[in-house]
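Student:
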Amino acid sequence: MAVIGGQPTSPKASKGKNGIRKDISSTINFYSRWEANMARLYTYLRIRWEYAPKSFNIGGQMYTPDFFLPETDTYIEVKNFWWTYSKIRDEKFRMHYPNIRLEVILKDEYLKLEKQYARHILKWEYKNSKL
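For the sequence shown, position 70 matches number 69 in numbering that gives the first Met the number 0, and the numbering has no gaps at all.
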């Protein structure tokens, strides 16, 4: 788990299913099944996406949103848990970059998307799925 400014990048970072998903890309290392599934969803919906293309200095630490959607000029962060650390990082980002659009997909929204689309998307990963 990476450490930034004395704190882990996320309290749950080591819990994710880290790895390459060959059905998506032979070079992208996703840090969680949720990130991989969002990439699958964007591809299914024909939404052009880039994975973690840019890091932002948010005052003593760097922050890299999970996705960038070029057609809407929007960064996306996918969060299973909205920890205090994540909230502070989000506030810092918005304070330093008020003109950059960032959307956070939290657990409730992710589960709605999963319910709506997972059955249509080959290789959608569930809680106990193997890579």
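Beta carbons are placed, not taken as given, at the ideal position from N, Cα and C, and that holds for glycine.
#1: Looking at the structure shown, is ILE19 part of a helix, part of a strand, or coil, going by DSSP?
#2: Rounded to whole angstroms, what's the CA-CA distance from ALA117 to ILE23? Just pull it up for me.
#3: Here's a check: name, in chain order, each residue in its chain whose Cβ is nearer than 7 Å to the Cβ of TYR109, leaving out the five neighbours to either side.
#4: Under the three-state reduction of DSSP, which class applies to GLU76: helix, strand or coil?
#5: Going by DSSP in three states, LYS126 sits in which element: helix, strand or coil?
#6: Give me the DSSP bridge partner(s) of ASN56.
#7: Rounded to the nearest angstrom, how far is the Cβ of TYR62 from that of PHE92, given a contact under 8 Å?
Tutor: A quick look at the data gives this:
#1: strand
#2: 15 Å
#3: TRP33 and VAL77
#4: strand
#5: coil
#6: MET61
#7: 6 Å
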